[in-house]
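J.: What follows is a single structure, and I will ask about it in a moment.
Residue numbers (the numbering used here): 1399 to 1693.
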């Protein structure tokens, strides 16, 4: 055991693989891809916490991976977000007003979701906006149970779209993180994730063909849906698609995305200096977690 070990670990579960990134500050030290057994994960979500925790504990022990202060990301499956406008509210009354607005606009969320909110930058007297987020309790609880079974001390959990947004750091574009069982799509406008969506891939075989078919069918619709709902902040025609994940390793899929969207497909650039042969496409989510300063 290292004395005063400053290393930390970020992980995400992608398809049937546990991806673990070891870092110190913003320096990547090592990385591991650990296979998970059948049924442990469904559509990117932990289905068997005890089994996943067992695999995690074994990998930590074998590779001397730090198990304290761990950060991780979960898919956005089933989550919902919205921006609340609170006209005329005083700062001291924001908390109560947010609670009332969440009950009115997101009925039942408190019963089945964890609800989070954060004030957005001040837009002037009486023009307070609040970003609200509802995440299914089961998504968080199963992951927490897996970490507990793996004897992992957690520092924080984040949705994948936010980690990907931080890692790509673009002003405008579409982030597509494609895995064999789940695809995350994030539409960025003015450096803000205006829309994100998780596309499940219901394929027990976990094939690139089935996953890419889902992606090619749903991606144009998702971009169009965003543009129709944001007439005053539509996505620029020259905004590219930033493609990562397991599907990004197949150049054919990139060509097909360009055909169905009419947009250039590019690989995200590394936001920090990376070791030789570092598989950024697969570990982009973990890099985004590493870059977050405050938890």
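Yeah, the Cβ is synthetic: ideal placement off N, Cα and C, and Gly gets one too. The model shown is predicted, which means the values in this text are computed figures rather than measured ones.
Would you grab the beta carbon distance between residue 1507 and residue 1576 for me? Rounded to a whole angstrom, and I think it's under 8 Å.
T.: Not quite, the Cβ-Cβ distance comes to about 29 Å (not below 8 Å), so this is no contact.
J.: Mind checking whether residue 1470 and residue 1409 have CB atoms under 8 Å apart?
T.: Contact flag set, yes.
J.: Looking only at its chain, what residues have a beta carbon closer than 7 Å to the beta carbon of residue 1428, apart from the 5 residues adjacent to it on each side?
T.: Here the set comprises 1420.
J.: Below 8 Å, how does it come out for the stretch 1549–1559 and the stretch 1457–1477: are there three or more Cβ pairs, yes or no?
T.: Output reads yes: the stretch 1457–1477 touches the stretch 1549–1559.
J.: Smallest Cα separation from residue 1415: which of 1682, 1425 and 1442?
T.: When only C-alpha atoms are compared, the closest one is 1442.
J.: Between which residues of its own chain and residue 1555 is the CB-CB distance below 7 Å, once the five residues before and five after are set aside?
T.: Only 1470, 1472, 1538 and 1541 meet the Cβ criterion.
J.: What is the DSSP secondary structure of residue 1479, reduced to helix, strand or coil?
T.: Here residue 1479 sits in strand by DSSP.
J.: Along the chain, where does the alpha helix (DSSP H) containing residue 1446 start, and where does it finish?
T.: From DSSP, residue 1446 is part of no alpha helix (DSSP H); its letter is neither H nor E.
J.: What's the C-alpha gap between residue 1613 and residue 1574?
T.: Their Cα atoms are separated by approximately 9 Å.
J.: State the DSSP-derived secondary structure class of residue 1637, mapped to helix, strand or coil.
T.: Residue 1637: coil per DSSP, three-state reduction.
J.: Here's the rule I'm using: 16 or more other beta-carbon atoms within 10 Å means buried, otherwise exposed. How should residue 1595 be labelled?
T.: Under this definition residue 1595 is a buried residue.
J.: Can you name, in chain order, every residue of its own chain whose Cβ lies under 8 Å from the Cβ of residue 1535, other than the five neighbours on each side?
T.: Answer for residue 1535: 1510, 1511 and 1512, listed in chain order.
J.: Between residue 1694 and residue 1544, what straight-line distance do the alpha-carbon atoms span, to the nearest angstrom?
T.: Outside the modelled stretch of the chain, which goes from 1399 to 1693, sits residue 1694, for which no answer is possible.
J.: Starting from the Cα of residue 1405, find the closest Cα among 1417, 1426 and 1502 and give me that residue.
T.: Considering only alpha carbons, the answer is 1426.
J.: Using the C-alpha atoms, what's the distance from residue 1659 back to residue 1413?
T.: Rounded to whole angstroms, residue 1413 to residue 1659 spans 25 Å at the Cα level.
J.: Are residue 1685 and residue 1673 closer than 8 Å when you measure CB to CB?
T.: Taking 8 Å as the Cβ cut-off, residue 1685 and residue 1673 do not qualify as a contacting pair.
J.: Does DSSP classify residue 1676 as helix, strand or coil?
T.: In this structure, residue 1676 counts as coil in the three-state DSSP scheme.
J.: Would residue 1664 and residue 1620 qualify as a contact pair, given that the criterion is a beta-carbon distance under 8 Å?
T.: Result no, Cβ atoms of residue 1664 and residue 1620 do not sit closer than 8 Å.
J.: I need the straight-line Cα distance from residue 1434 to residue 1418, nearest angstrom please.
T.: Rounded to whole angstroms, residue 1434 to residue 1418 spans 13 Å at the Cα level.
J.: How should residue 1580 be labelled, buried or exposed, when 16 other C-beta atoms within 10 angstroms of its C-beta is the threshold for buried?
T.: Classification of residue 1580: buried, given that the 10 Å Cβ count is 16 or more.
J.: In terms of alpha-carbon separation, which member of 1431, 1459 and 1557 lies closest to residue 1478?
T.: The shortest Cα separation from residue 1478 among 1431, 1459 and 1557 belongs to 1557.
J.: Tell me the DSSP secondary structure of residue 1568 in three-state form.
T.: Looking at residue 1568 - three-state DSSP - the assignment turns out to be coil, as it is neither helix nor strand.
J.: So the alpha helix (DSSP H) residue 1649 belongs to, where does it begin and stop?
T.: Looking at the DSSP string, the run of the alpha helix (DSSP H) that includes residue 1649 is 1649–1659.
J.: With a CB to CB cut of under 8 Å and the five nearest residues on each side skipped, what residues in its chain are close to residue 1648?
T.: So the qualifying residues of the chain are 1606 and 1610.
J.: Below 8 Å between beta carbons: does that hold for residue 1562 and residue 1526?
T.: Not in contact: residue 1562 and residue 1526 (Cβ atoms no closer than 8 Å).
J.: How would you write the range of the alpha helix (DSSP H) that residue 1502 sits in, first residue to last?
T.: Here the alpha helix (DSSP H) through residue 1502 covers 1492–1503.
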